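Per my numbering, the sequence shown starts with residue 76, numbered consecutively. We put the CB at the ideal spot given by N, CA and C, even for glycine. None of the values given here were measured: they were computed from a predicted structure. First the structure, in the form of C-alpha cells, and then the observations on it.
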Amino acid sequence: MPLQFQKEGGRLLWVQSPFTGTITYFTDIHKKQSGFARRPLAPAAQPPDWHAAEANRLAELDAAQRGCPFCPGNEEQTTAELMRIVPSAVPEAASTMSPWLIRAFTNLFPRIPEACTGGRNESYVVVEDPRHFADGARHHDELLYTALLPLAQFRTILHAGIEVARLAFENPAVQAVLIRKNQGRESGASQPHLHNQVIGADQPFPPVVQERERLLLEPNLWSEILEFIRDEGFMVHERDGCFLYFCPFGVFPRSYEIVCPDVDCRLIDVPAHTIDTFAALLHEALALLGPLPLDYEIHDGPGVPLHAHICARYYPYSNIGGTLNLPADLTATMRPTRR
Ligand SMILES: [Zn+2]
Ligand SMILES: [Zn+2]
76 MPLQFQKEGG RLLWVQSPFT GTITYFTDIH KKQSGFARRP LAPAAQPPDW
126 HAAEANRLAE LDAAQRGCPF CPGNEEQTTA ELMRIVPSAV PEAASTMSPW
176 LIRAFTNLFP RIPEACTGGR NESYVVVEDP RHFADGARHH DELLYTALLP
226 LAQFRTILHA GIEVARLAFE NPAVQAVLIR KNQGRESGAS QPHLHNQVIG
276 ADQPFPPVVQ ERERLLLEPN LWSEILEFIR DEGFMVHERD GCFLYFCPFG
326 VFPRSYEIVC PDVDCRLIDV PAHTIDTFAA LLHEALALLG PLPLDYEIHD
376 GPGVPLHAHI CARYYPYSNI GGTLNLPADL TATMRPTRR
C-alpha cells in the first residue's frame with residue numbers, strides 16, 4: 076500500500092504514518108484560545124540588597140553542581156567508569172579544568188531488568204560534557220544543551236556511544252542496543268546534566284520490529300516517504316546519501332527524522348565516515364530545536380535502514396483516537412529552512 080495522504084487545493088489535509096497507522100491532520104487547532112486563566116505570579120519582594128541576591132543565586136547554582144552525580148568531582152557517586160575521553164582529544168571543545176570531557180558508566184537503574192540480560196546491567200550513561208550549566212548561567216534553567224556543543228564533540232559522543240554499544244553486545248544475552256537521549260524534564264530526563272543513554276535489551280525494540288515488518292512487505296516504502304517529503308518541501312538537508320527532514324507523522328507532532336537508506340546493518344558495524352555524516356545531520360536537527368525539551372532515538376538494521384527519530388516535546392497538539400494535529404499553515408509558514 077502506498078503512503079496514504081490527502082491534499083486539497085495543493086494543501087496537505089492529512090498523512091498517515093505507514094508504520095504506526097497514526098494520522099496527522101493539518102488543522103487550525105493551534106489557533107484555539109486557551110480557557111485556562113494564567114495565574115499571575117505573586118509580586119516579587121524587592122530584595123533589599125542586589126549584591127546579596129546575586130550571591131545567593133550563584134551559591135544555589137554552585138550547590139546544584141556539588142549535588143550532581145554527573146559533575147566533575149563527584150565521579151565516586153556513579154558506578155565504575157567504563158570509558159573517558161580527555162579534553163585534549165577534542166580541541167574544538169570549550170576549555171575545561173575537568174580531567175574528562177566525555178565519560179561513560181553503567182546506569183544505576185537498569186532500563187531493562189538485569190535478569191533479562193543474563194544477570195548483567197546493560198543500561199549505560201554517556202555524560203556529554205563536564206559543564207552542568209550553560210556558560211555564564213545565572214538561573215537554574217540555564218542549562219547546557221547538546222546543540223551548544225561543537226560538532227566535533229557531538230561526533231565523538233556518538234562514537235563513544237557506539238563503543239559502549241559494542242561492550243553491551245559482548246553479552247550474548249543482548250539482542251539489540253538503542254542509543255537514546257532525553258533533553259529536558261518534560262521529555263523524561265531525570266538528570267539535568269547533559270547525557271544520553273545506551274540500552275542493551277534481550278529482544279528487538281518494538282518500533283524497529285514494526286518498521287522491519289512494513290519494509291519487508293514494501294521494500295520501497297522509505298524511497299516513497301523521501302519522495303513525499305521532497306514534494307511537500309519538508310527536506311532540510313541531504314548529505315552523502317543521508318537525509319534530514321521534518322516528519323509530519325512522527326510519534327509527537329513536531330518530529331524530525333534522519334535516514335541513510337543504503338545503510339542496513341547494526342550501528343556498531345556502520346563505517347566511521349557514515350557515522351560522521353549521521354552525527355552531523357543529528358547535530359543539525361538538535362540545532363533546529365535548541366534548548367526545547369526533546370528526545371531522540373537511533374534505530375538500526377538489519378532489516379531497517381540506519382535512522383533516527385527526533386521528537387520535540389514542546390508542541391502537545393491533541394492526540395485523539397490515534398490522530399495528531401499540526402497547524403494547517405505549517406507548509407506555508409513553518410517550512411523548516413536550513414540555518
Ligand atoms: Zn552536573
Ligand atoms: Zn525507527
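Reference residue i; option with closest CA among the options
| i | options | result |
| --- | --- | --- |
| P144 | G397, F327 and H270 | H270 |
| R255 | T154, A168 and Y371 | Y371 |
| P197 | E150, A168 and G236 | One point to set straight first is that residue 197 is Glu, not Pro, in the sequence displayed. The shortest C-alpha separation from E197 is found at G236. |
| E359 | H382, I333, G376 and I373 | I333 |
| G275 | N394, A248, V284 and Q258 | A248 |
| C386 | V338, R329 and A168 | R329 |
| F280 | T102, I187, R195 and T352 | I187 |
| G325 | L356, I232, D404 and P282 | P282 |
| A138 | G396, L342 and R213 | R213 |
| Q272 | Q258, L223 and A130 | Q258 |
| E83 | F94, E167, Y100 and A243 | Y100 |
| Q250 | L87, T153, R341 and W89 | R341 |
| D443 | A264, D124 and P294 | Since the first residue of the chain shown is 76 and the last is 414, residue 443 is not available in this structure. |
| A155 | H126, N182 and R141 | N182 |
| N246 | L224, L223 and Q278 | Q278 |
| V239 | I160, F309 and E261 | I160 |
| L401 | L301, R206, Q91 and P77 | Q91 |
| P77 | L292, T398, T102 and W125 | L292 |
| L363 | T352, H207 and H312 | H312 |
| Q140 | L87, E167, T352 and F208 | F208 |
| R388 | E261, L357, L361 and V284 | E261 |
| H471 | A127, C335 and R86 | Only positions 76 to 414 of the chain appear in this structure, which leaves residue 471 out of reach. |
Alpha helix (DSSP H) segment containing residue i, residue limits
| i | result |
| --- | --- |
| S298 | L296 to D306 |
| F321 | Counting along the chain, F321 falls outside any alpha helix (DSSP H), though it belongs to the beta strand (DSSP E) covering C317 to C322. |
| R329 | Unbroken run through R329: none, as it is neither H nor E. |
| R241 | L226 to F244 |
| L87 | Here L87 belongs to no alpha helix (DSSP H); instead the beta strand (DSSP E) covers R86 to Q91. |
| T352 | A347 to L364 |
| L133 | W125 to R141 |
Residue span of the beta strand (DSSP E) that contains residue i, given as start and end
| i | result |
| --- | --- |
| P402 | T398 to P402 |
| H374 | L369 to H374 |
| L157 | E156 to I160 |
| F101 | I98 to T102 |
| Q81 | F80 to E83 |
| I385 | L381 to A387 |
| E313 | M310 to R314 |
| I177 | I177 to T181 |
| S198 | S198 to V202 |
CB contact check: residue i to chain C, cutoff 8 angstroms
| i | result |
| --- | --- |
| W125 | In summary, chain C is missing from the structure at hand, where a single protein chain is found. |
Practice item. Report yes or no: do the region 168–177 and the region 186–204 share at least 3 C-beta pairs separated by less than 8 angstroms? Key: yes
Practice item. Just list the beta strand (DSSP E) runs in the region 248–299, keeping only unbroken ones of 3 residues or longer that don't cross its boundaries, in chain order. Key: 251–258 and 270–276
Review point. Is the region 205–225 close to the region 245–255, with three or more CB pairs under 8 angstroms?
Key: Result no; under three Cβ-Cβ pairs closer than 8 angstroms.
Practice item. Report yes or no: do the region 340–349 and the region 320–332 share at least 3 C-beta pairs separated by less than 8 angstroms? Key: Under the Cβ criterion (8 angstroms, minimum of three pairs), the region 340–349 does not count as touching the region 320–332.
Practice item. Could you tell me whether the region 147–157 touches the region 223–237, where touching means 3 or more Cβ pairs closer than 8 angstroms? Key: no
**Study point:** Stretch-stretch touch, CB-based, cutoff 8 angstroms, three pairs: the region 374–381 with the region 286–293
**Key:** yes
Review point. Residues near ligand 1, CB to any non-hydrogen atom under 6 angstroms, in chain order?
Key: Residues whose Cβ lies closer than 6 angstroms to any heavy atom of ligand 1, listed in chain order: Q140, C143, F145, C146, H207 and H268.
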